[in-house]
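Note that the protein sequences, when read in sequence, are chains A and B.
Each step along the first sequence adds one to the number in the UniProt record's numbering, with nothing skipped, and position 43 is 43.
Each step along the second sequence adds one to the number in the UniProt record's numbering, with nothing skipped, and position 63 is 63.
Glycine is no exception: its CB is placed at the ideal position from the N, C-alpha and C atoms.
Below is one structure, written out as structure tokens; comments come after it.
2 protein chains.
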Amino acid sequence: MSTTKALPLLEPEVAPCCPPLSERRLTAEEAERTAAMFKALGDPVRLRLFSAVASHEGGEACVCDISDVGVSQPTVSHHLKKLREAGLLTSERRGTWVYYRVAPSVLAAMATAFAPGS
Amino acid sequence: MSTTKALPLLEPEVAPCCPPLSERRLTAEEAERTAAMFKALGDPVRLRLFSAVASHEGGEACVCDISDVGVSQPTVSHHLKKLREAGLLTSERRGTWVYYRVAPSVLAAMATAFAPGS
DNA sequence: TGTCTATGTTGACGGATGTCGATGCAGCGT
DNA sequence: ACGCTGCATCGACATCCGTCAACATAGACA
Chain A
1 MSTTKALPLL EPEVAPCCPP LSERRLTAEE AERTAAMFKA LGDPVRLRLF SAVASHEGGE
61 ACVCDISDVG VSQPTVSHHL KKLREAGLLT SERRGTWVYY RVAPSVLAAM ATAFAPGS
Chain B
1 MSTTKALPLL EPEVAPCCPP LSERRLTAEE AERTAAMFKA LGDPVRLRLF SAVASHEGGE
61 ACVCDISDVG VSQPTVSHHL KKLREAGLLT SERRGTWVYY RVAPSVLAAM ATAFAPGS
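What follows is the structure, encoded as structure tokens:
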């Protein structure tokens with residue numbers, strides 16, 4: 001009767017990354033984009049910053065809340081910028097402070113990379 | 001009656017990484033070990049190699065099966081070594097060929113990193 | 001306006017990393 | 001023994017990356 005394809009509306013949104021690694025071989029383009037996100041989390045300082053934001057009450061944290069990671073303030077700013085550029089965090093200035101939060105659906109998207117494939 | 005601790009036997013095995021990033025702030029040591037695994041997957045060539053092994057029939061692949069990733073053979077070998085050192089792959093020589101497979105429970109362990117925390 | 005605080009940017013430095021050609025080594029076949 | 005194939009290692013090179021001090025910028029407040 002009809003195709004097996006569901007309605008094209010209300011798509012779960014752009015999935016910028018992370019096809020299951022075990023499902024099939026990644027193409028060069030997929031690997032490029034997915035690796036960029038892993039690379040952003042591949043530094044201990046950045047991973048601690050990301051974890052601090054992700055686990056912070058209310059889902060957001062200002063820089064002053066999370067900058068106690070053992071490096072200088074410029075370095076913290078540099079790493080937060082990398083996490084932003086990788087699409088993992090978003091930032092918003094409210095008055096004196098800048099608040100960071102985990103970009104929507106990033107956790108779920110990356111979890112799918114490790115889902116069983118076959 | 002008894003402590004709430006379960007039997008120490010039959011532990012699900014060493015969990016070398018990956019407490020949920022959203023659950024709490026990672027310690028420096030946790031971040032170091034977890035970031036090392038993300039870092040290993042943070043290169044497009046390595047990610048394609050990992051995906052090729054993980055998605056290969058039988059759960060294992062010899063180097064000749066997966067070395068068509070656009071770089072020279074020494075580079076492939078170099079990246080596979082990095083993946084081994086990160087604990088993501090294991091290798092075994094059988095006759096002429098060396099077979100790689102995903103290290104046990106690595107996929108599940110890394111998936112937990114992106115599990116919802118609170 | 002001026003000053004203080006919070007955060008981002010710049011420039012520079014040293015070390016890590018990805019890449020390759022050349023070479024080494026292990027197994028297989030002749 | 002010899003050569004051939006699959007894979008690892010070595011040495012060298014260029015580039016990337018994490019880090020910091022110095023400086024710049026943006027709000028808040030007086």
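Option nearest residue i by Cα separation, candidates the options
i              : options              : result
T34 of chain A : B:V102, B:R33, B:L41 : B:L41
E32 of chain B : A:R48, A:A115, A:R24 : A:R48
S67 of chain A : B:R25, B:T96, B:L83  : B:R25
T27 of chain A : B:A52, B:K82, B:V71  : B:A52
Beta-bridge pairing of residue i - partner residues as DSSP gives them
i                      : result
S91 of chain A         : A:Y100
residue 120 of chain B : Lying outside 1 to 118, the shown extent of chain B, residue 120 of chain B is not represented and no answer is given.
E60 of chain B         : B:R101
Inter-residue Cα distance where the pair is residue i and residue j
i               : j               : result
R65 of chain A  : L89 of chain B  : A quick correction: the sequence has Asp, not Arg, at residue 65 of chain A. Straight-line Cα distance between these residues: approximately 37 Å.
S2 of chain B   : G117 of chain B : Its pLDDT being 44, under 50, S2 of chain B is placed unreliably in this model, and the coordinates cannot settle the point.
A36 of chain B  : E85 of chain B  : 10 Å
A54 of chain B  : A103 of chain B : 10 Å
R94 of chain A  : Y100 of chain A : 11 Å
F50 of chain B  : V69 of chain B  : 11 Å
P20 of chain B  : M110 of chain A : 12 Å
C62 of chain B  : T96 of chain B  : 10 Å
Q73 of chain B  : A115 of chain A : 29 Å
E30 of chain A  : C17 of chain A  : 7 Å
R22 of chain B  : K39 of chain B  : As written in the sequence, residue 22 of chain B is Ser, which differs from the Arg given in the question. For S22 of chain B and K39 of chain B, the distance between alpha carbons rounds to 19 Å.
L83 of chain A  : R46 of chain A  : 7 Å
K113 of chain A : L107 of chain B : Residue identity differs from the one stated: residue 113 of chain A is Ala in this sequence, not Lys. If you take the alpha carbons of A113 of chain A and L107 of chain B, they lie about 9 Å apart.
V71 of chain B  : V98 of chain B  : 19 Å
Cβ-based burial, residue i [other Cβ within 10 Å; buried from 16]
i               : result
E92 of chain B  : exposed
S105 of chain A : exposed
- [ ] Decide if the stretch 50 to 68 of chain A is in contact with the stretch 66 to 84 of chain B; the criterion is three or more beta carbon pairs, one per stretch, under 8 Å apart.
- [x] no
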